[in-house]
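Per the numbering used here, the very first residue in the sequence shown carries number 1; after that it's consecutive. Glycine is no exception: its CB is placed at the ideal position from the N, C-alpha and C atoms. Remember, predicted model here, so these are calculated numbers, not experimental data.
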Amino acid sequence: MLKAKILVPMIALGIIGTGAALWSTGVVKAQGNGNGDTMVTNLAQKLGIDESKVSTAMGEIRTEKRAEMLEKMKTKLEEAVKAGTITDVQKDAILAKQTEMQQKREQERNEYQTWLSDNDLEQNTLQDLGIGMGGMGGGGKGHGPGGMMD
1 MLKAKILVPM IALGIIGTGA ALWSTGVVKA QGNGNGDTMV TNLAQKLGID
51 ESKVSTAMGE IRTEKRAEML EKMKTKLEEA VKAGTITDVQ KDAILAKQTE
101 MQQKREQERN EYQTWLSDND LEQNTLQDLG IGMGGMGGGG KGHGPGGMMD
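In structure tokens form, the structure reads like this:
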């Protein structure tokens with residue numbers, strides 16, 4: 001029983017955290033607030049097609065991927081219910097919390113965009129400084145490729 005009390009919250013947090021991270025990065029890029037915007041521009045130029053077509057196509061792909069991720073999460077939760085790891089009530093609570101967290105992130109992104117606009121700032125400017133939503137934080141000076149250890 002103690003294992004179940006520990007395992008259930010860990011599964012829930014893992015699912016919510018993964019979904020939140022993947023969903024939020026996709027939405028920030030879909031809104032054209034950073035590197036996603038640059039990628040759309042570069043891809044459109046290289047392919048010689050209108051930027052809006054590339055942006056629309058990428059948005060559609062993101063929407064499809066989000067739907068796939070949600071279905072995978074629901075499937076995993078349903079499997080956990082069948083295995084007796086969590087209850088149906090807990091599954092519903094996890095899904096409700098996921099939705100609540102997504103709505104809060106969307107509201108925060110909208111408030112952030114309004115703040116950027118009100119202060120005549122661009123997201124790319126803040127990212128170049130290593131600050132702001134979606135910025136690299138550490139300025140990309142980690143131990144990975146392109147970092148300070150290379």
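Check: Going straight from the alpha carbon of Gln-123 to that of Ser-117, what length do you get?
Finding: C-alpha of Gln-123 to C-alpha of Ser-117: approximately 10 Å in a straight line.
Margin query: Going residue by residue through the region 45-97, where are the continuous alpha helix (DSSP H) segments of at least 4 residues, counting only ones entirely within it?
Written below: Note on the region 45-97: whole alpha helix (DSSP H) runs with a minimum of 4 residues are 51-83, in chain order.
Next item on the list: Kindly indicate the opening and closing residues of the alpha helix (DSSP H) around Asn-124.
Entry: Asn-124: member of the alpha helix (DSSP H) spanning 123-128, first to last residue.
Margin query: Measuring straight from C-alpha to C-alpha, what distance separates Thr-38 and Gly-59?
Written below: Cα to Cα, the separation comes out at about 14 Å.
Notebook entry, point to check: Is it the case that the Cβ atoms of Ile-94 and Leu-70 are separated by a distance below 8 Å?
Noted result: Result no, Cβ atoms of Ile-94 and Leu-70 do not sit closer than 8 Å.
Notebook entry, point to check: Under the rule that 16 or more other beta-carbon atoms within 10 Å means buried, what is Val-54, buried or exposed?
Noted result: Its Cβ being crowded by 16 or more others within 10 Å, Val-54 is buried.
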